[in-house]
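Position in the sequence shown counted from 1, then plus 808, gives you our numbering. What follows is a single structure, written as structure tokens, with notes after it.
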Amino acid sequence: MKTVLLKKPGEIGISDIAMTKRLDGQVLIKVRSAGICGSDIGAYKGVNPLVSYPRIIGHEIAGEVVEVGADEAEFKVGDRVILEPYVYCGKCYPCSIGHTNCCENLTVRGVHIEGGMAEYVSHPRHLLHKVPAGIPWHLVPMAEPLVIAMHAVKQAEVKAGQFVVVTGAGQIGLLAAQYALTIGAVPIVVDPVDERLALARSLGVTHTINPASADAVAEILSVTQGRMAEAVIECSGAAPAIRGAVDYVSYAGHIALVGWPKGDIPMPTALFTKKELTIRGSRNSVGQFPESLRLIAEGKVNVEALLTKTVSMDETPGTVADIAEHPDKYLKVTCVL
Ligand SMILES: [Zn+2]
Ligand SMILES: [Zn+2]
């Protein structure tokens, strides 16, 4: 079967390997679509220390069930499913308290274990979710970045009527802002790229700020009438945005950190105490795929607007290389098999 294989950083191509077999407790899936994610680009560039090579990329994977175990009751051949790609151990402390998203022994497809950019994949049955009929294949993989965004909104404890600053208007930021709208919060999107802010406004975000051309703190002060934002969701991983979160947030506010910074960032920790902030990391997601799929199916979150283009499997290696070279040209690409 064909796969999209990273032989080593910078070397990607279509590779033929032996057909995958269904493993015990798993379901065999014929892959129909896959998203190209920032972490796939990081793996290609060799900047993600968690990735080992050679590696089949891809963790945003959807497809059709082609084989199930004899005792399988929930899934049948022909079902449309999406893979939850965070394979947890179920034994460590975080797993024992239900935080399987940050399992100590987590293996993520396309990172620690083989990804799903292949014609077939075998995946644990408890990590599959049925896809509603209304979502076309090229959009199904978007349910994965949406759960990342939803988890961040949860970690920041965003409530209806509250202001939530979202720093970084990439796919996660734009999805977090849209999800915040669905729960009745008021997102303020901060990003140095005007086109991204325009896209945010087209998705219903009323407040956007370009920190390169405006005083973000002053603008947020004015929008929130002096309170500052009750929540900040940091999606960029950029040092100025992470540092800025502490200024953008209100007293007694919540910050969720989703973006992965490249290095350590000095912070005014006295402000954490003075404002009594709650600062949480936000990684992967837990239990949110059904709601994510429902929001996409019902059109409550517009994922199509984030799609730069859809490519074939054969076009995927070249597209990964082009995204790595020209990241500004792309917001999101999905591959349809
Ligand atoms: Zn992803
Ligand atoms: Zn675990």
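For glycine and all other residues, C-beta sits at the position ideal for the given N, C-alpha and C.
ask   = Excluding the five sequence neighbours on either side, which residues of its own chain have a C-beta within less than 6 Å of the C-beta of residue 850, listed in chain order?
value = Residue numbering aside, residue 850 sits at position 42 when the sequence shown is read from its first letter. Result list for residue 850: 856, in chain order.
Enclosing alpha helix (DSSP H) for residue 903 [first to last residue] = Mapped onto the sequence shown, residue 903 falls at position 95. Start and end: 901 to 904.
ask   = Quick one: what's got a C-beta closer than 6 Å to residue 918's C-beta in the same chain, skipping five residues either side?
value = On the sequence shown, residue 918 is found 110 positions in, with the first residue counted as 1. If we look at residue 918 and ignore the five residues flanking it on each side, its Cβ neighbours are 865, 866 and 867.
task = For ligand 2, list every residue whose C-beta falls under 7 Å from any of its heavy atoms, going in chain order.
result = 896, 897, 898, 899, 900, 902, 903, 908, 911, 912, 913 and 914
query = Terminal residues of the continuous alpha helix (DSSP H) containing residue 989?
reply = Stepping through the sequence shown from its first residue, residue 989 is reached at position 181. Where residue 989 is concerned, the enclosing alpha helix (DSSP H) stretches over 979 to 990.
key: beta strand (DSSP E) runs contained entirely in the stretch 1078 to 1121, provided each spans 3 or more residues   = 1086 to 1089 and 1117 to 1119
request  = Could you work out which residue in 869, 861 and 901 is closest to residue 948 when comparing CA atoms only?
outcome  = On the sequence shown, position 140 is the one that residue 948 refers to. When each option's Cα is compared against that of residue 948, the closest is 869.
message = Report the start-end ranges of each alpha helix (DSSP H) in the stretch 830 to 860 that is 4 residues or longer and not cut off at the edges.
response = 846 to 853
ask   = Contact check, residue 1017 vs residue 974 under 8 Å by CB: the rounded distance?
value = Position 209 of the sequence shown, counting from 1, holds the residue named residue 1017. Position 166 of the sequence shown, counting from 1, holds the residue named residue 974. Not really, about 10 Å apart at Cβ, beyond 8 Å.
ask   = Do residue 1024 and residue 984 have their CB atoms nearer than 8 Å?
value = Position 216 of the sequence shown, counted from the start, is the residue given in the question as residue 1024. Position 176 of the sequence shown, counted from the start, is the residue given in the question as residue 984. Going by C-beta atoms, residue 1024 is not nearer than 8 Å to residue 984.
message = In the DSSP output, what is residue 938 paired with across the bridge?
response = For the purposes of this step, residue 938 is taken as the residue at position 130 of the sequence shown. Answer is 889, bridged to residue 938.
ask   = With burial defined as no fewer than 16 other Cβ atoms inside 10 Å of the residue's Cβ, what is the status of residue 999: buried or exposed?
value = Translated into positions along the sequence shown, residue 999 becomes position 191. Answer is buried; the Cβ neighbour count reaches 16.
Three-state secondary structure (DSSP) of residue 1127 = Counting from one through the sequence shown, the residue named residue 1127 turns up at place 319. Helix, per DSSP.
message = Measuring only the C-alpha atoms, how far is residue 821 from residue 1035?
response = In the sequence shown, residue 821 corresponds to position 13, counting from 1. In the sequence shown, residue 1035 corresponds to position 227, counting from 1. Straight-line Cα distance between these residues: approximately 52 Å.
request  = Using DSSP bridges, identify the partner residues of residue 1015.
outcome  = Start at 1 with the first residue of the sequence shown, and residue 1015 comes out as number 207. In DSSP, residue 1015 forms a bridge with 996.
key: Enclosing beta strand (DSSP E) for residue 816 [first to last residue]   = By one-based count along the sequence shown, residue 816 stands at place 8. That run of the beta strand (DSSP E) goes 810 to 816.
message = In the DSSP output, which residue or residues are listed as bridge partners for residue 971?
response = Walking along the sequence shown from the start, residue 971 turns up at place 163. Note: residue 971 sits in a beta bridge opposite 994.
key: Simplified DSSP assignment, three categories, for residue 951   = For the purposes of this step, residue 951 is identified with residue 143 of the sequence shown, where counting begins at 1. Residue state, collapsed to three classes: helix.
ask   = With a cut-off of 8 Å, do at least 3 Cβ pairs link the stretch 828 to 838 to the stretch 925 to 935?
value = yes
request  = Select from 970, 904 and 889 the residue whose C-alpha is nearest the C-alpha of residue 939.
outcome  = Working through the sequence shown from its first residue, we reach residue 939 at position 131. Cα-wise, what sits closest to residue 939 is 889.
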